[in-house]
Amino acid sequence: MSKDWKSYKPLLLPDIQNLSSIGVYEKNDGYKALKDVLKNKKKWTPENVTNEVKNAGLRGRGGAGFSTGMKWSFMPKPDGGPRYLAANGDESEPGTFKDRQIFEDNPHLFIEGAIIAAYAMSIDVVYVYIRGEYRPYLRMLQKAVDDAYDKGYIGKNILGSGIDVEMQLHMGAGAYICGEESSLMESLEGKRGYPRVKPPFPAQKGLWGRPTTINNIETLANVPLIMKNGADWYKKIGAEGHAGPVLYGISGHVNRPGVYEYPSGMLITDLIDEVAGGIRGGKKLKAVIPGGSSTPPLTAEAVQGTAMDADSLREVGTMMGTAGLVVMDEDTDIVDVVTRISHFYHHESCGQCTPCRDGTGWLENTLQKINRGDGEMRDLDLLLNICNQMEGRTICALADAAAWPVRFSIDRFRADFEAKCKKTVYALS
Amino acid sequence: MPEIFIDDVRYEYEKPQKVLQFMLDNGLDLPFFCYHPSLSIPANCRQCLVQAGTPVRSRETGELELDEEGNPQIRFFPKMMTSCSLDMADGMVVKSHKTSELVKRAQADNLEFILINHPLDCPICDQAGECPLQIQTYKYGPEGSRFEHKKVHKPKMYQLGPRVVLDAERCINCTRCVRFTEEISKTNQLSIISRGDKNYPMTFPGETFDDPYSMNTVDICPVGALTSADFRFKARVWEMNQTPNLDVTNGKGCNVDIWTRDNIVMRITPRYNEQVNDYWMPDAGRLGYTFINENRVSKPHIRLDGKEQAKTSWNNALLTFAEKIQEFNPDEFLLLGSAYAPVEDNYAFAKFFSDLGQADVHFAPHIIPGSGDNLLLSDDQAPNTNGCRYLDFNETDEKQLATELKSDKYKVVVILSDDLLGRSYFDEKLLDDKFVITFATNHSATTMASDLVIPITCSAEHAASYVNIDGRIQRTTPAKETLYTSRRLNLEMSLARLDHYGTKFDNWVKDENRVDCIPAWEFIVRVAGELGRDIKYTSSREILTEVSDTISTFNGVTYQQMDDEGGILLQSTAKVTQ
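Sequence lines, in order, name chains A and B. Straight run, no breaks: the first sequence in this note's numbering ends on number 449. Straight run, no breaks: the second sequence in this note's numbering ends on number 592.
Right under this line is the structure:
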């Protein structure tokens, strides 16, 4: 990536006062992309919008990093029945806190993106699923949506174009699993948040059995940028193959934790040392979780020279996830951290599939045992074994998300684990 | 024809279905818990994982791509698939535990997970012996557990509803019960509450699980989490005899199994019949077994000169009956057949009297409008209403019967197994000046008003056929011994472990639970013999053969065919009403 990240001007969260009010947003070229698209419907047919997003190389910001334009193109041809867009604002992964910045500081950018996305997929209803704990942000977004309705950016016959899109906000009840796209749909339908078996995929049978696309809030907020400036411009931002601005949520042992917008492909060391002001108390780095608690942690050595984009992170054995970095200094007890993470997944497992329901509890119990000093060496092998038994055998990815931190922590910080385990002498058999 | 390869064996199929169902249909074993053929597929237990792959086709030509040896290349799914939700495809290759180490390990791993929070209280669990979890753990499970922590604790002995008790710790969250109330009984009374390993099925706050079909959840529960409040702790499954029979508490004729121990019916469970009741039956039918055990008429009863009834010998009953036949003209007999008695009894009854000269047989249907539903409860309370119709009995009603009884025409009333007074069909006083003979299984208001009571076998004690509200003729097999039948001598009766290996002196086998009764037709045959009439049946099978030979509606009907085809739908010109 280019070294001029220091001169980068934020696009998603630009430095403008009161951008969340619709007047200020409009003055700063707000809703211009939407107007352009709807005015030139000949040029910007839904297919062309989808292709533009595909060409821009926008990848989902919710964790999996799938090509957004590709996802949109999976939607079947309109058949006259209802079609849905579900905007996923259920960010509940520990270490992730970026979407709420959009709700707070630039909600109209997201709304504009969502309406363009709805147009591109001939969708008439957009549901925004917001995390149960985000009550204040729900209020902020509701205000923005109400304003956009008043100005005719949402609703019937948007800007005189004959396009109707409704937007409905929905508050979750505080379950992590509802951030998984299919359980999000179950939850929206008023059911218990259980992930669905795929196939059928949401594009074929989603909400109420109708074609549905689920996109992350940040992903949709990127859409107006692409439509305003073109795919070629967008493609040049950040790393190759993972273009665009990224909201990095940096937390942990740094001097200035927070959400920072920079291009993708930032060096992790730059993010820690320069963006976040270095490690607290001048300590040394021990570990970094790059993209929310479910992504495998990196050792200090692995962090050196590693950039925040899908390919670079895959090389060092982790994932971009939500770009929520958790930085840990040399005093950190990794066992304690993993125990806490395991507790989270144990608590949040929906309980549908056996391996996850019972595996997460077993992981936590065993880690607790090691953490309080009662562990034995064989418990480490047991933990890895449980991970083997969980990974890839469940309906959704929560079992993987629960197993990876444990597996890779033991892999990469085995000495820390062994130090906490009792020295066991096995009799030779 | 499309083909599929399962564990290196080739199978052809016509209609694609789910791989698990196809394997089960072909007698291949695969462990599973949450899947149920009549419910939706949640794929949540993860026990039926298999490796599966489909042949690779060339993008350009659509032809199969071949490997060096000329076999189609197979692209396997990256993860193991749940066979319950996996659709079959032409050329698909499936590897189960028989050919794949990975699948074998996954099955053991999954069972290890299921068992870590399962109480393992099989010795005191009602499900033991018929528990899918127990069976599959023996077959596919790990050798032991590596779990060293405290199990999760949940409510135990929780009364979900009047008929179902929950032990949440045993629950493995397969959601079969929840799906049953959502999809079959449609009451939506159950849901899973809480999350992760703490979750279990529960009613919504303040509600009770009083679904009229609630006890089906006990059957489909793959562990002992849901138990029947009635049957709990009463018997171990391996001590009981399981005999196919019918639900005679309403007109639907649900197929059931009667479970007896020491000649007492312990419980009734539904038996699969796609054309009648699928896997289900109403709770009322299950709990209606008490009439088989209790309050039975044992030994003939006769009213002496005074008011009191007294037990009498079979010989005396026989002679009294024959005496009445000789004393009165045939047209002085009012004959009431019964929708509660099987076709064979009704036929022999009618045949005997028409032979004497009284061909006019009435029957009183027992229909309570509004008591049925669209599932398995019918307005018709009796199991054989259509059987009586097909035998051309005169369908009577309260008014008509009262008029007949008030007239001086009749001196003797013969009632075949129907508690007409109990259901207030007519006033008891109308019987005052008549001699009343009742064939009955149980003591009732009608038997109390009778002068002669002949104890007869009930549906659990004889082989006999019943025609349900849809016109389907089905039959029972004897599940319970009478004083005159023996499980070891009657080839139709099922033999349990105790019957095979126990002895007459085992202290749990007692004779006191055998009722002194005979089938109604048998008594009629004896009376006919006494009177020198030519009615000589030796079995109900013989009667049915005669029925099918002489009555066109029953043409060609045999016990064998009923057994093979789950009953036979009769094509009748007679009016079929519900």
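We put the CB at the ideal spot given by N, CA and C, even for glycine.
Going by DSSP in three states, residue i sits in which element: helix, strand or coil?
i                        : result
tyrosine 25 (chain B)    : strand
tryptophan 92 (chain A)  : helix
aspartate 292 (chain B)  : strand
leucine 584 (chain B)    : coil
glutamate 438 (chain A)  : helix
glutamine 173 (chain B)  : strand
lysine 32 (chain B)      : strand
serine 40 (chain A)      : coil
asparagine 450 (chain A) : Here chain A has residues from 21 to 449 only, and residue 450 (chain A) is not among them.
asparagine 37 (chain B)  : The identity of residue 37 (chain B) in the sequence shown is methionine, whereas the question assumes asparagine. In the structure shown, methionine 37 (chain B) sits in a helix (DSSP, three-state: H, G or I).
threonine 591 (chain B)  : Low confidence applies here, because threonine 591 (chain B) scores a pLDDT of 48, under 50, leaving its location unreliable; read the following figure in that light. Correct three-state label for threonine 591 (chain B): coil.
valine 571 (chain B)     : coil
isoleucine 278 (chain B) : strand
methionine 95 (chain B)  : strand
proline 226 (chain B)    : coil
arginine 71 (chain B)    : strand
tyrosine 214 (chain A)   : coil
tryptophan 253 (chain A) : helix
proline 16 (chain B)     : coil
valine 166 (chain B)     : coil
serine 22 (chain A)      : Unreliable placement is indicated for serine 22 (chain A), whose pLDDT of 49 sits below 50; the coordinate value is still reported in the next sentence. In the structure shown, serine 22 (chain A) sits in coil (DSSP, three-state: anything other than H, G, I, E or B).
serine 449 (chain A)     : The pLDDT assigned to serine 449 (chain A) is 49, lower than 50, so where the model puts this residue is not dependable, and the model offers no usable value.
valine 336 (chain A)     : coil
leucine 54 (chain A)     : helix
Going by Cα to Cα distance, which pick from the options is closest to residue i?
i                           : options                                   : result
asparagine 527 (chain B)    : B:Ala510, B:Ser500, B:Arg540 and B:Thr552 : B:Ser500
leucine 134 (chain B)       : B:Gly351, B:His514 and B:Arg184           : B:Arg184
glycine 485 (chain B)       : B:Val357, B:Ile382 and B:Tyr424           : B:Val357
arginine 413 (chain A)      : B:Lys32, B:Met95, B:Leu80 and B:Ile88     : B:Met95
phenylalanine 221 (chain A) : A:Gly278, A:Asn108, A:Thr232 and A:Asn38  : A:Thr232
methionine 13 (chain B)     : B:Asp433, B:Ser479, B:Thr231 and B:Cys472 : This structure cannot settle anything about residue 13 (chain B), because the visible part of chain B is limited to 15 through 592.
glutamine 224 (chain A)     : A:Lys97, A:Ala168 and A:Val295            : A:Lys97
valine 357 (chain A)        : A:Gly325, A:Gly172, A:Lys306 and A:Glu335 : A:Lys306
isoleucine 237 (chain A)    : A:Asp49, A:Ser332 and A:Lys118            : A:Lys118
aspartate 258 (chain B)     : B:Lys494, B:His163 and B:Cys531           : Sequence inspection shows proline at residue 258 (chain B); the aspartate mentioned does not correspond to that position. Answer by Cα proximity: B:Lys494.
aspartate 548 (chain B)     : B:Asn291, B:Phe366, B:Ala298 and B:Gly158 : B:Phe366
valine 311 (chain B)        : B:Ile532, B:Ser110 and B:Phe347           : B:Ile532
alanine 461 (chain A)       : A:Asn385, A:Leu333, A:Leu400 and A:Gly311 : Any property of residue 461 (chain A) remains undetermined from this structure, which presents chain A solely from 21 to 449.
isoleucine 197 (chain A)    : A:Tyr51, A:Arg334 and A:Gln372            : A:Gln372
cysteine 62 (chain B)       : B:Val33, B:Glu253, B:Glu74 and B:Asp465   : B:Val33
Report, in whole angstroms, the separation of the C-beta atoms of residue i and residue j, which I expect to be a contact under 8 Å.
i                        : j                       : result
tyrosine 154 (chain B)   : proline 45 (chain B)    : 5 Å
alanine 378 (chain B)    : leucine 350 (chain B)   : 7 Å
asparagine 329 (chain B) : aspartate 374 (chain B) : Contact flag wrong, Cβ pair sits at about 30 Å.
glutamine 256 (chain B)  : aspartate 276 (chain B) : That pair is no contact at about 14 Å.
tyrosine 149 (chain A)   : leucine 78 (chain A)    : Their Cβ separation, rounded to whole angstroms, is 20 Å, which puts tyrosine 149 (chain A) and leucine 78 (chain A) out of contact at 8 Å.
Measuring only from the beta carbon, is residue i closer than 6 Å to any heavy atom that is part of the ligand NAP?
i                    : result
glycine 80 (chain A) : Here there are no bound small molecules, and the ligand NAP is not part of this structure.
Of all Cβ atoms in chain C, is any one closer than 7 Å to the Cβ of residue i?
i                        : result
asparagine 307 (chain B) : This model lacks chain C altogether; the protein chains it does include are A and B.
task: With 7 Å as the limit, tell me which residues of the stretch 385-405 of chain A have their beta carbon closer than that to any beta carbon of chain B; keep them in chain order.
output: Asn385 and Leu402
message: Quick test of the definition: if touching needs 3 or more C-beta pairs under 8 Å, does the stretch 262-274 of chain A touch the stretch 313-324 of chain A?
response: no
task: Return the residues of the stretch 99-122 of chain B that lie within a Cβ-Cβ distance of less than 7 Å from chain A, sorted by chain order.
output: Ser99 and Ala120
query: Listed in chain order, which residues of the stretch 150-166 of chain B have Cβ atoms closer than 9 Å to some Cβ of chain A?
result: Listed by position, the residues of the stretch 150-166 of chain B near chain A (Cβ gap below 9 Å) are Arg160, Phe161, Glu162, His163, Lys164 and Val166.
query: Mind listing which residues of the stretch 345-373 of chain A have their C-beta closer than 8 Å to chain B's C-betas, in chain order?
result: From the stretch 345-373 of chain A, only His366, His367, Glu368, Ser369, Cys370, Gly371, Gln372 and Cys373 have a Cβ closer than 8 Å to chain B.
- prompt: If you pair each beta-carbon of the stretch 159-170 of chain A with each one of the stretch 121-131 of chain A, do three or more pairs fall below 8 Å?
  reply: yes
Contact residues within the stretch 409-424 of chain A, judged by C-beta distance below 7 Å to chain B: Result list: Gln409, Gly412, Arg413, Thr414 and Ile415.
query: Per the contact definition of three or more C-beta pairs closer than 8 Å, is the stretch 231-244 of chain B in contact with the stretch 135-152 of chain B?
result: yes
field: Cβ-based contacts, 7 Å cut-off: residues of the stretch 141-152 of chain A near chain B
entry: none
- request: Would you list, in chain order, the members of the stretch 125-141 of chain B that have their beta-carbon closer than 7 Å to a beta-carbon of chain A?
  value: Phe127, Ile128, Ile130 and Asn131
query: Using a Cβ cut-off of 8 Å, which residues of the stretch 207-227 of chain B contact any Cβ in chain A, in chain order?
result: Ser208, Arg209, Gly210, Asp211, Lys212 and Asn213
task: Kindly confirm or deny that the stretch 243-250 of chain A and the stretch 54-62 of chain A touch, where touching means at least three C-beta pairs closer than 8 Å.
output: By the C-beta criterion, the stretch 243-250 of chain A is judged to be in contact with the stretch 54-62 of chain A, since at least 3 inter-stretch pairs fall below 8 Å.
- request: Could you run through the stretch 42-76 of chain B and flag, in chain order, every residue whose CB is less than 8 Å away from some CB of chain A?
  value: Ile55, Pro56, Ala57, Asn58, Cys59, Arg60, Gln61 and Leu63
Segment contact, 8 Å Cβ cut-off, at least three pairs: the stretch 405-419 of chain A with the stretch 114-127 of chain B: Flag = yes, the stretch 405-419 of chain A and the stretch 114-127 of chain B touch.
query: Would you say the stretch 278-298 of chain B touches the stretch 390-400 of chain B, given that touching needs at least three Cβ pairs under 8 Å?
result: yes
Selection of the stretch 84-98 of chain B by Cβ proximity to chain A, strictly under 7 Å: Lys93 and Met94
query: What residues from the stretch 215-249 of chain A come within 7 Å of chain B, judged by C-beta to C-beta, listed N to C?
result: Correct list: Val217.
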